[in-house]
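J.: The sequence shown begins at 365 in the working numbering and counts up one residue at a time.
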Amino acid sequence: LAVGTHTHTVYILNTSNGKVSGELKIPESVSGCAVQYYREQRGILAGTTIAEKLQAQPEHKFEVVSEEMIEMKFDEIVTEKKSSNKTATKGGKERRPRRYGVTSVKWSHDNTHLAAMDSSLPLIVTVWNIPSNGLTAVLELTCAVKTFNWHPSLLRLILASGDSSLCMWESDGSWIIQLPSQCSVNVMSSSWASDGNAVTLASKDSYCIGYLE
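(1) Give the secondary structure of Leu518 by DSSP, where H, G and I count as helix, E and B as strand, and everything else as coil.
(2) Please say whether Ser558 and Ala566 have beta carbons closer to each other than 8 Å?
(3) For the structure I just gave you, are there three or more beta carbon pairs, one from the stretch 513-530 and one from the stretch 427-442, closer than 8 Å?
(4) Between which two residues does the beta strand (DSSP E) harbouring Ile541 extend?
(5) Thinking just about the alpha-carbon of each residue, which of His424, Gln400, Phe438 and Val509 is nearest to the one in Pro391?
(6) What is the rounded straight-line gap between the Cα of Ala562 and the Cα of Asn513?
(7) Specify the secondary structure class of Cys397 as computed by DSSP and reduced to three states.
(8) Could you give the residue range of the beta strand (DSSP E) that holds Asp527?
(9) Per DSSP, what kind of secondary structure is Ser555 in: helix, strand or coil?
(10) Out of Val399, Ile376, His370 and Lys389, which one is the CA nearest neighbour of Asp536?
Rendered as C-alpha cells:
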C-alpha cells in the first residue's frame, strides 16, 4: 500500500502488519547524471539553414537533461490568517483551498515501480524503483499533468497534459506521440485496455481509442 502526504513523501506500508516498509521523499533537486530526467520541448525547428527551418515542422520531443544539479521548485502554499476549509472569492462564492503535497500514486503491473504526482509540482511525474527505494526517472511536461497510467503488463507509463499528444516512458527511454489530425482530443484522462493493445484517451466531450504497433 502506498500513501502520499502533504510533506512530499510517499510511505510504503506493509498490509500484513501495518508497518512502514519504505519512504519515498520527493527531492527539491536531483542530479541529471544519476536519474533519468526528461523535459518536454516544444516548437524546436529541425534543420541547420534558414531554408530548412522554414520548411520544417516544429519538433515536439523529450530532451534528456544531464545537468549536475536540477532544481525542482515546489509551488508555495498561501497561508491564511484564519484557517478554514474554504476560502472566500469574489462574488461571495467560496472555493476550497488547492491541494498540496502528493495527490496521486500508481503502481506498475509487477509492483516494482511506482509513479507519483505532487500537486505542488504540477508539471512533474516521478518514477520510483520500489526494491531499491530509489528515484528512477523524472518526467517534466510544459503544462500541468492531467493523467498518467501504467500499462497492464509492461513497464510502460503514459501521461498527458491536456493537449493532442501522449507522452510515454519506459526504462530505456521516453518519447512523445502526436495524435493524428482526425483524433481531435485534448487528453484529460486515459485508460489502458486489459490486454494493453489499446488505450482510450478522452477529453471533456470526446474520446478516441489508440492502438499501439
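The beta carbon of each residue, even a glycine, is placed where N, CA and C say it ideally should be.
T.: Put simply:
(1) coil
(2) no
(3) no
(4) Gly537 to Gln542
(5) Phe438
(6) 13 Å
(7) coil
(8) It is not in any beta strand (DSSP E) - Asp527 carries neither H nor E in the DSSP assignment.
(9) strand
(10) Val399
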